[in-house]
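Have a look at the structure below, then the notes.
Protein chains: 2
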Amino acid sequence: MSDFKFGALDELSINTIRMLSADGVQKAKSGHPGLPMGAAAMAYVLWTRFLKHNPADPKWPDRDRFVLSAGHGSMLLYSLLHLTGYDLPLEELKRFRQWGSMTPGHPEYGFVPGVETTTGPLGQGFGNGIGMAVAERHLAAVFNRPGHEVVDHFTYAIVSDGDLMEGVASEAASLAGHLKLGKLIYLYDDNHISIEGSTSLAFTEDVGKRFDAYGWHTQHIDGNDLEAAAGAIRAAQAEKERPSLIVARTQIGYGSPNKQGKAEVHGEPLGEEELKATKQALGWPPEPMFYIPKEALQNFRKAVEKGKKRQAEWEAAFKGYAAEYADRAAEWESRMKGDLPGGWEAEVPVFKPEGGAVATRDASGKALNAIAAKIPALVGGSADLAPSTKTFMKDMGAVGPGDYAGRNLHFGVREHAMGSISNGMALHGGLIPYCSTFLIFSDYMKPTVRLASLMHQRVLFIYTHDSIGVGEDGPTHQPIEQLAGLRSIPNMTVIRPADANETAAAWKVALRHRSGPVAFALTRQKLPVLDRSIYPSADNLEKGAYILVDTEGKEPGIILIATGSEVSVTLKAAESLKEQGIATRVVSMPSCELFDRQPEDYRREVLPPAVTKRLAVEAASTMGWHKYVGSEGDVIGLDRFGASAPAEVVMEQLGFTPENIVAHALKLLGR
Amino acid sequence: MSDFKFGALDELSINTIRMLSADGVQKAKSGHPGLPMGAAAMAYVLWTRFLKHNPADPKWPDRDRFVLSAGHGSMLLYSLLHLTGYDLPLEELKRFRQWGSMTPGHPEYGFVPGVETTTGPLGQGFGNGIGMAVAERHLAAVFNRPGHEVVDHFTYAIVSDGDLMEGVASEAASLAGHLKLGKLIYLYDDNHISIEGSTSLAFTEDVGKRFDAYGWHTQHIDGNDLEAAAGAIRAAQAEKERPSLIVARTQIGYGSPNKQGKAEVHGEPLGEEELKATKQALGWPPEPMFYIPKEALQNFRKAVEKGKKRQAEWEAAFKGYAAEYADRAAEWESRMKGDLPGGWEAEVPVFKPEGGAVATRDASGKALNAIAAKIPALVGGSADLAPSTKTFMKDMGAVGPGDYAGRNLHFGVREHAMGSISNGMALHGGLIPYCSTFLIFSDYMKPTVRLASLMHQRVLFIYTHDSIGVGEDGPTHQPIEQLAGLRSIPNMTVIRPADANETAAAWKVALRHRSGPVAFALTRQKLPVLDRSIYPSADNLEKGAYILVDTEGKEPGIILIATGSEVSVTLKAAESLKEQGIATRVVSMPSCELFDRQPEDYRREVLPPAVTKRLAVEAASTMGWHKYVGSEGDVIGLDRFGASAPAEVVMEQLGFTPENIVAHALKLLGR
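So the protein lines, in turn, are chains A and B. Residues in the first sequence are numbered consecutively from 1, following this note's numbering. Residues in the second sequence are numbered consecutively from 1, following this note's numbering.
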């Protein structure tokens with residue numbers, strides 16, 4: 001690839017990245033210098049010769065996406081962002097890993113302009129990038145018109161051996177190969193070193209061959225050979241049908257005379273002596289720290305002009321597109337802002353009691369399908385359970401190899417990748433991704449739910465088969481602790497609707513909620529549709545908890561709190577208690593988190609402190625319920641695993657009957 | 001492979017499996033007939049021509065292990081167990097998926113003799129089998145002597161496309177190839193069907209090539225060709241260096257005229273009409289249900305005599321071994337019973353305050369190393385974090401390719417496989433496996449922790465870096481909700497020790513605990529070693545919670561409850577409160593679960609109901625703490641994510657200081 005020329009200025013620039021990174025880690029006395037030093041050369045080639053970006057506008061929609069999946073090498077990314085002219089002052093690099101700085105230990109989305117996703121937990125960036133590439137291809141298929149390629153960018157990542165060992169990356173890679181994501185280009189920093197020592201201790205597979213088997217285009221290069229790196233990236237760009245993995249042999253801690261190629265340079269500062277020796281070896285002045293040669297800075301900062309120009313060209317092209325396809329352009333802009341089209345809420349179905357019992361998974365499927373046409377940003381699917389989770393959008397087609405206009409995704413039996421890819425789709429913008437599986441398998445994708453919460457991403461997690469009501473499949477498939485687990489994630493919203501109309505209300509709440517993920521917990525089994533001419537509106541769900549049955553002016557003797565499938569059983573128990581002359585309030589509490597966010601007045605209205613006899617009923621772990629029932633309350637829950645039998649038998653055997661609720665209530669009341 | 005002859009009796013026997021399975025699912029009106037019908041032929045070949053087992057003694061230590069990783073095909077396994085003469089009456093097959101039956105929806109360890117592990121959550125059986133194969137090779141290396149191969153068995157599994165799509169299986173497969181586990185033989189039921197339809201919707205990778213890349217020996221056969229199956233299993237047995245994957249093309253729902261090869265036969269009964277048509281197509285009498293031809297039963301039951309003979313031969317050989325190597329034989333027997341050698345507890349170190357502050361991860365590492373020589377059953381490792389989690393046993397060698405005598409395992413960056421493999425090692429017997437990573441990455445292996453709990457397996461999960469005390473690595477690496485998540489798993493025991501001596505006590509408790517897993521939550525940062533001449537013995541940890549500082553006869557005005565790193569901070573707060581004349585009790589509560597298992601009297605002694613002013617302090621989610629602090633109590637915890645900065649800064653900023661504890665306490669007391 002002789003048209004790429006590299007020389008002394010390039011070497012100087014690459015060493016600038018290396019030394020900024022090493023200095024940052026040394027000053028913080030904490031961090032990972034090895035990766036930035038080893039991968040600096042290929043990252044430099046990518047960022048200066050290929051990456052389409054505008055440092056002045058990190059949100060330019062058609063920028064290439066760059067993911068540092070090996071997030072521990074954060075100083076590499078921070079160095080590149082500062083050097084190429086992003087709004088990341090050198091002062092912040094000097095405050096690496098300090099309280100309140102823009103340079104946290106691992107790259108965090110939202111903290112630093114130019115960081116496309118939060119990475120660090122290995123394998124996640126790998127999956128996120130695939131989600132971004134899916135989003136790009138889908139949006140291109142939906143919005144581009146002949147002669148108007150308004151959506152047309154690459155997704156790049158630097159990935160490490162740790163990423164490639166993680167199962168989530170294997171799952172995502174298999175799907176990316178299947179989907180023929182030709183615009184995905186990953187550089188594998190193959191440095192042969194992991195924390196415990198040589199990768200030969202545990203990782204001796206033939207990575208290239210594995211990716212060939214997934215249907216990827218693979219190349220092998222010396223990661224310090226700039227022309228080879230440029231040639232490989234160009235070949236990867238030219239490959240339209242297959243995602244690309246460039247296996248780049250690098251040296252961890254490159255330039256360090258005594259630590260290069262060794263495990264100790266992975267996650268510890270070089271130390272003052274070795275830092276000095278490294279600077280000497282690379283012909284770098286020992287002082288000052290964070291030294292940036294003027295020529296190197298000028299070289300990097302060419303990105304500013306270049307980026308401005310490229311974005312301006314794109315904007316001009318977009319204007320032409322908008323002139324010809326005004327509707328499309330308007331929808332594009334609205335979707336990139338994350339806005340919802342007007343009138344969608346009118347499509348959400350209302351369920352009538354006379355229509356018979358409805359499983360909340362079915363109600364959810366109906367709601368999704370009712371709004372699907374109005375909200376084209378909704379794109380999603382299931383980990384091979386769509387017929388059970390009711391998440392297929394009819395007549396909306398599917399994303400398939402080389403054909404990306406459909407809106408349904410077949411993720412395969414790959415829950416973890418599903419979550420990671422969905423996060424990437426949300427991060428890309430233009431889409432509201434949803435994904436689904438059985439609630440029990442939320443365990444398989446927990447790290448991704450957490451990251452969606454941490455990054456405030458609008459991802460909908462539709463979990464069905466939400467309790468022992470699963471029935472015959474037994475304890476391996478019956479969630480117990482999963483609700484507590486999800487509820488304990490900061491910035492998470494879990495909704496477990498009591499009937500079909502609460503499910504419809506949950507969809508409204510979920511789509512309006514922009515600052516984080518929402519998880520649905522839905523039943524497999526049918527539930528009565530509550531008669532809303534008797535009970536208050538299901539739209540009260542937005543407050544998290546509301547009074548379903550009250551005591552006609554009397555102070556409640558007891559409050560029964562229930563969620564999901566246990567609400568209708570609890571209503572029966574309340575009738576029986578009422579017949580016994582006990583003033584019984586029933587509270588439906590589909591979402592603890594939504595309730596906790598209400599004003600104190602409302603919370604005290606629903607659960608008055610004076611009423612201390614409270615009984616919570618949920619077919620799940622009791623953990624978390626004592627907060628609402630208090631010292632004198634009780635919880636009917638499950639601090640054991642479930643059992644295999646028909647759902648109604650399991651529910652009865654494990655105490656979710658009106659009779660058992662009444663018995664507990666009477667005991668609480670000392671009767 | 002002409003020495004294997006198959007004929008009409010074999011076909012009859014195979015159809016017996018198919019029809020028992022279809023009948024079982026039909027009678028239960030629930031289940032998965034497709035896999036048993038499709039995989040019956042190869043399962044039959046394996047079970048009748050190869051599998052070394054004794055139906056009369058399912059615990060014979062040197063039996064081959066068989067794992068049905070695709071656990072939804074449970075009727076295949078139940079049919080084989082009944083037919084070959086295990087203690088599983090036909091009546092139980094008729095009660096498939098009913099309350100209290102021996103035939104739950106998915107195979108459950110401990111419920112059915114001959115079920116080696118609980119499967120259903122896909123990929124788990126795949127990993128468990130690799131753990132069993134590791135255990136076998138390690139025990140062979142440790143116990144076998146020239147001419148005495150007392151440990152020498154294969155590990156087989158039937159795995160599905162769902163298993164192979166799951167990341168946990170990819171991780172485990174890569175490690176199995178690395179370790180050259182030649183005695184592992186997996187049959188891949190390649191039926192081209194998943195729940196959403198053809199596997200071509202999402203799974204088009206070249207599976208054989210992928211496994212080649214992992215270093216496996218791969219073969220492709222027609223799964224209904226009995227001679228081919230036999231030949232492939234024999235070739236796999238002959239291959240000593242590589243694990244084997246036999247890719248067997250099968251037809252899901254084989255024999256069903258209208259449903260064979262279709263997705264609908266995966267997870268639903270055939271239906272009465274189709275069941276009749278299938279029986280007709282296979283030349284089977286329509287009645288009775290659960291019909292077993294006498295010749296077929298006789299054919300299968302040959303396993304009883306054969307098994308008895310093989311076990312008797314092994315026992316005779318073992319006697320010869322015991323005569324020559326009495327110590328070895330005694331240790332073997334003791335280890336297979338799960339007993340601990342006498343005197344090990346004396347080795348557990350005692351830490352002195354004058355030795356300076358110690359991180360509990362370091363104390364754990366010292367305890368582990370101190371007892372390692374006494375307890376050779378302890379085998380384990382880390383997901384590439386041993387230098388940080390302090391879990392390497394010095395001078396004990398490592399399990400490596402072809403060399404299995406070492407006791408340290410390098411799992412690579414593969415947390416999920418680590419958990420699944422550890423479960424398999426425990427299930428095999430003879431080992432007490434431990435595994436370790438940062439607490440945050442317990443999320444990556446959650447499904448395996450749950451299964452260890454469900455199966456009552458003695459697996460030690462050593463989680464370090466247990467809070468925001470991680471410091472600079474930031475929120476992606478700082479656990480918040482992980483403690484609540486682990487504590488909410490039924491039958492789980494989580495221990496978060498307050499200092500080095502509680503850590504030592506935790507090791508004692510964990511090793512004595514035989515009925516389920518134990519998770520340690522250990523600090524990265526140093527903690528003061530409490531002076532046990534002042535405070536009660538750290539061995540009180542076994543009670544889950546104990547009074548560390550009391551009020552000298554006075555009724556406590558307030559109880560401060562703390563765990564782990566927050567205990568020493570809370571002690572300082574208590575001093576300050578005492579100086580202000582407030583009778584303050586401090587409770588160290590390293591394990592909620594151990595405390596909950598204490599008699600009520602003890603629990604009321606530690607937390608007297610009359611003392612309602614209670615403050616819990618834990619640098620983690622507040623979820624679960626209201627149970628202990630009650631309606632008038634408060635919790636200092638974290639219902640937000642952490643932040644990147646030095647540990648002491650993060651701790652201070654987020655409120656884990658004596659001053660903030662005192663302020664909260666005074667507020668509670670209305671001062």
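The beta-carbon is built from N, C-alpha and C at its ideal position, and this holds for glycine as well. These figures come from a predicted structure and were not determined experimentally.
Proximity test, Cβ basis, 8 Å: residue i and chain B
| i | result |
| --- | --- |
| residue 623/A | yes |
| residue 657/A | no |
| residue 446/A | yes |
| residue 555/A | no |
| residue 594/A | no |
| residue 464/A | no |
| residue 120/A | yes |
Exposed unless 16 or more other CB atoms sit within 10 angstroms - verdict on residue i
| i | result |
| --- | --- |
| residue 366/B | buried |
| residue 534/A | exposed |
| residue 309/A | exposed |
| residue 515/A | exposed |
| residue 581/B | exposed |
| residue 145/B | exposed |
| residue 352/A | exposed |
| residue 350/A | exposed |
| residue 482/B | buried |
Beta carbon proximity, residue i to chain A, threshold 8 Å
| i | result |
| --- | --- |
| residue 99/B | yes |
| residue 195/B | yes |
| residue 627/B | yes |
| residue 189/B | no |
| residue 412/B | yes |
| residue 422/B | no |
| residue 397/B | no |
| residue 460/B | no |
Other residues of its chain near residue i: CB distance less than 7 Å, five sequence neighbours each side excluded
| i | result |
| --- | --- |
| residue 634/B | 615, 664 and 668 |
| residue 54/A | 60, 63, 307, 308, 310 and 311 |
| residue 92/A | 101, 102 and 103 |
| residue 1/A | For residue 1/A, the predicted structure reports a pLDDT of 45, less than 50, and the residue's modelled location is therefore unreliable. The matter cannot be settled from this model. |
| residue 220/B | 208 and 247 |
Proximal residues to residue i (C-beta, below 6 Å), its chain only, five neighbours per side dropped
| i | result |
| --- | --- |
| residue 672/A | Because chain A in this structure spans residues 1 to 671, residue 672/A falls outside the shown range and cannot be described. |
Distance CB(residue i)-CB(residue j) smaller than 8 Å
| i | j | result |
| --- | --- | --- |
| residue 429/B | residue 61/B | yes |
| residue 318/B | residue 150/B | yes |
| residue 358/B | residue 202/B | no |
| residue 576/A | residue 165/B | no |
| residue 737/A | residue 462/A | This structure gives no information on residue 737/A, because the portion of chain A shown stretches from 1 to 671. |
| residue 524/B | residue 456/B | no |
| residue 129/B | residue 157/B | yes |
| residue 331/A | residue 213/B | no |
Below-8 Å beta-carbon distance, residue i vs any chain E residue
| i | result |
| --- | --- |
| residue 649/B | Structure shown: chain E not included; protein chains present are A and B. |
*Could you tell me whether the stretch 592–604 of chain A touches the stretch 645–656 of chain A, where touching means 3 or more Cβ pairs closer than 8 Å?*
no
*Any contact of the stretch 491–510 of chain A with the stretch 551–561 of chain A, i.e. 3+ C-beta pairs under 8 Å?*
no
*Would you say the stretch 231–242 of chain B touches the stretch 263–272 of chain B, given that touching needs at least three Cβ pairs under 8 Å?*
no
_If contact is defined by three or more beta carbon pairs under 8 Å, each pair taking one atom from either stretch, is the stretch 191–205 of chain A in contact with the stretch 434–449 of chain B?_
no
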